[in-house]
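With the sequence shown counted from 1, adding 108 to any position gets you my numbering.
Everything below concerns the one structure shown next.
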Amino acid sequence: MSKKIAVLPGDGIGVEIVVQAVKVLDCLKSDFALNIEMEEGLVGGAAYDDSKNPLPEATLQLAKESDAVLLGAVGGYKWESLDIAVRPEKGLLGLRSELELFANLRPAILYPQLAHASTLKEEVVSGLDIMIVRELTGGIYFGQPRGIRTLDNNEKQGFNTLVYKESEIERIAHVAFETAMKRDKRLCSVDKANVLECTELWREVIQRVAKEYKEVELSHMYVDNAAMQLVRAPKQFDVMVTTNMFGDILSDCAAMLTGSIGMLPSASMDKNQKGMYEPIHGSAPDISGQDLANPLATILSVAMMLRYSLAEESLAIKIEDAVESVLNQGLRTPDICTDADTKVGTEAMGDAVVSALRA
Ligand code: IPM
Ligand code: MG
109 MSKKIAVLPG DGIGVEIVVQ AVKVLDCLKS DFALNIEMEE GLVGGAAYDD
159 SKNPLPEATL QLAKESDAVL LGAVGGYKWE SLDIAVRPEK GLLGLRSELE
209 LFANLRPAIL YPQLAHASTL KEEVVSGLDI MIVRELTGGI YFGQPRGIRT
259 LDNNEKQGFN TLVYKESEIE RIAHVAFETA MKRDKRLCSV DKANVLECTE
309 LWREVIQRVA KEYKEVELSH MYVDNAAMQL VRAPKQFDVM VTTNMFGDIL
359 SDCAAMLTGS IGMLPSASMD KNQKGMYEPI HGSAPDISGQ DLANPLATIL
409 SVAMMLRYSL AEESLAIKIE DAVESVLNQG LRTPDICTDA DTKVGTEAMG
459 DAVVSALRA
């Protein structure tokens, strides 16, 4: 039976990079018998412009009835002054929460071909292979109450709430431990238990779940130290698990270790492995529409989709091999390009991956 994929390009470079990822999926359909159908929908600023809603009902419906969602990026200068309730980012957060995509997997892998592109010394990052497991539907990004209120003295006060229930911590803990079991069996849980009660509970629940995974070596780290350790000695980490906000921040930090945020894919999954797949970078309005964006993170997100939601491991590997092959050919988008490389645009990079798939 054919599987359905919702394609949501979103805004900015999201539009260009998703075109390249769709090319890759089309190639898998035509040349490798992948049985899928794709349907496009609007999300983010593009959806707001169309209907004043960053997550229209039709898009939510499409995402719900699909087996997987491919998303580009949302947001841009144009929508920055809108009320927070209808900003493009709400479209993305709404999808994550409506689809209950609580487990966000963000691998940070350094391709040897790009070791010199990192701003860190080659010996610090070469061989890097970290998996960040970010809780995605709870914590301070969703906690109530939230808002901006006016105090008695007429001064305004902004407030958000960091909340986690035991069940929310437990389910992300299981994903993290299972992930560690398939890797080097080391898990570092990142919190701020010295200051925040909510993450004191986080630590307690992680320790409780750890009893079911005796083979996994568990450690705990405060988030400030984790940020420092990530740039000091990143190879000490195998799997990291953390809250929504800490994961947001640490994954950008880990991304840069690999040379460019333009290389990193992500998977956001529910309890049944249904997932949304997106690059971890944003919509980069400063370079959008100029054929400058790196489509590899999105193409690698398609590989994650094949692996986790479509049970097509061999095709996932084919895509990853094709990406390696274009890097070996010396092809680079501007974000990862040095003088020794051949600079290509978004479109040419997508075409090169398709050619490598067919080779
Ligand atoms: C990410 C992004 C999003 C987030 C934004 C665009 C809402 O930064 O996926 O990391 O904060 O989660
Ligand atoms: Mg982020």
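All residues carry an ideal CB built from backbone N, CA and C; glycine is no exception.
Taking the alpha helix (DSSP H) that residue i belongs to, which residues open and close that run?
i, result
"Ile427", "421 to 436"
"Leu170", "165 to 173"
"Ile444", "Where Ile444 is concerned, there is no enclosing alpha helix (DSSP H), given that its DSSP letter is neither H nor E."
"Leu201", "196 to 206"
"Val298", "That residue, Val298, is in no alpha helix (DSSP H); its beta strand (DSSP E) goes 294 to 299."
"Ser391", "No alpha helix (DSSP H) holds Ser391; DSSP gives it neither H nor E."
"Glu455", "454 to 466"
What is the C-beta distance between residue i and residue j, in whole angstroms, given that I count them as a contact (C-beta under 8 Å)?
i, j, result
"Ala284", "Val232", "Between Val232 and Ala284 the Cβ distance is about 25 Å, and since that is not below 8 Å, they are no contact."
"Lys112", "Asp175", "6 Å"
"Ala375", "Met412", "4 Å"
"Val508", "Val431", "Because the chain in this structure spans residues 109 to 467, residue 508 falls outside the shown range and cannot be described."
"Gly149", "Trp187", "Contact doesn't hold; Cβ gap of about 18 Å is too wide."
"Thr350", "Arg242", "6 Å"
"Asp226", "Leu213", "Inspection of the sequence shows that residue 226 is occupied by Ser rather than by Asp. Not quite, the Cβ-Cβ distance comes to about 21 Å (not below 8 Å), so this is no contact."
"Val271", "Gly251", "4 Å"
Which residues bound the beta strand (DSSP E) around residue i?
i, result
"Glu127", "The identity of residue 127 in the sequence shown is Val, whereas the question assumes Glu. It is not in any beta strand (DSSP E) - Val127 instead sits in the alpha helix (DSSP H) that spans 121 to 140."
"Asn83", "One cannot answer for residue 83 here, as it falls past the ends of the chain, which runs 109 to 467."
"Gln265", "264 to 267"
"Met50", "Because the chain spans 109 through 467 in this model, residue 50 falls outside it and cannot be assessed."
"Val177", "176 to 181"
"Val313", "From DSSP, Val313 is part of no beta strand (DSSP E) but of the alpha helix (DSSP H) over 305 to 318."
"Gly255", "255 to 258"
"Ala211", "211 to 217"
"Val115", "111 to 118"
What three-state label does DSSP hand residue i in the structure shown?
i, result
"Gly383", "strand"
"Asn333", "helix"
"Asp158", "helix"
"Gly247", "helix"
"Met348", "strand"
"Thr287", "helix"
"Leu236", "coil"
"Met413", "helix"
"Met377", "strand"
"Val468", "For the chain, the structure presents residues 109 to 467; residue 468 sits outside this window and is missing."
"Ala362", "helix"
**OP:** Collect the residues with a C-beta less than 6 Å away from any heavy atom of the ligand MG and give them in sequence order along the chain.
**Re:** So the residues near the ligand MG by this Cβ test are Asp356, Asp360.
**OP:** Please determine if the region 221 to 231 and the region 354 to 367 are in contact, where contact requires at least 3 C-beta pairs separated by less than 8 Å.
**Re:** Result yes; three or more Cβ-Cβ pairs closer than 8 Å.
**OP:** Specify whether the region 381 to 388 and the region 399 to 412 touch according to this definition: at least 3 beta carbon pairs, one from each stretch, less than 8 Å apart.
**Re:** Enough Cβ pairs lie closer than 8 Å, so yes.
Original post:
Is there contact between the region 288 to 295 and the region 342 to 356, where contact requires at least three CB pairs shorter than 8 Å?
Top reply: Contact between the region 288 to 295 and the region 342 to 356 is present: 3 or more CB-CB pairs across the two stretches fall below 8 Å.
Subject >> Three-pair Cβ contact test at 8 Å for the region 199 to 206 versus the region 130 to 141 >> reply: The region 199 to 206 and the region 130 to 141 do not touch, with fewer than 3 CB-CB distances between them shorter than 8 Å.
Original post:
Using 8 Å as the Cβ pair cut-off and three pairs as the minimum, do the region 151 to 158 and the region 421 to 440 touch?
Top reply: Output reads no: the region 421 to 440 does not touch the region 151 to 158.
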